[in-house]
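Colleague:
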């Protein structure tokens, strides 16, 4: 299995707060479509719910062969990612 590490901050022009679906889509364009992707959140202070949802629910549902593995995420980011992943799980259980 392939493991790809993506420096989130470098891919998004050094931004430290990521809030929009557009920013998530810009990051998604750099992701492989299979294997494990380590998303390195070092230097990122926070993410918004739209960013997290687009990446960890919409993209994850559309690309089940990709395992998204966040690393170096602070507690605020980890909390937002857990929320997006929980909404993905609850949506899958309803469908």
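Residue numbers (our numbering): 45 to 139. For glycine and all other residues, C-beta sits at the position ideal for the given N, C-alpha and C. None of these values were measured; they are calculated from a predicted model.
(1) How would you label residue 128, buried or exposed, when you count the other beta carbons within 10 angstroms and need 16 or more for buried?
(2) Below 6 Å CB to CB, which residues in the same chain sit around residue 131 once its five sequence neighbours on both sides are set aside?
(3) According to DSSP, which residues form a beta bridge with residue 113?
(4) Whose C-beta lies closer than 8 Å to the C-beta of residue 70 among residues of the same chain, with five residues either side of it excluded?
(5) Pick out whichever of 126, 74, 115 and 99 has its Cα sitting closest to the Cα of residue 64.
Modeller: Taking the definition as stated:
(1) Of the other Cβ atoms in all chains shown, 16 or more fall within 10 Å of the Cβ of residue 128; this residue is therefore buried.
(2) 101
(3) 82
(4) 55 and 56
(5) 99
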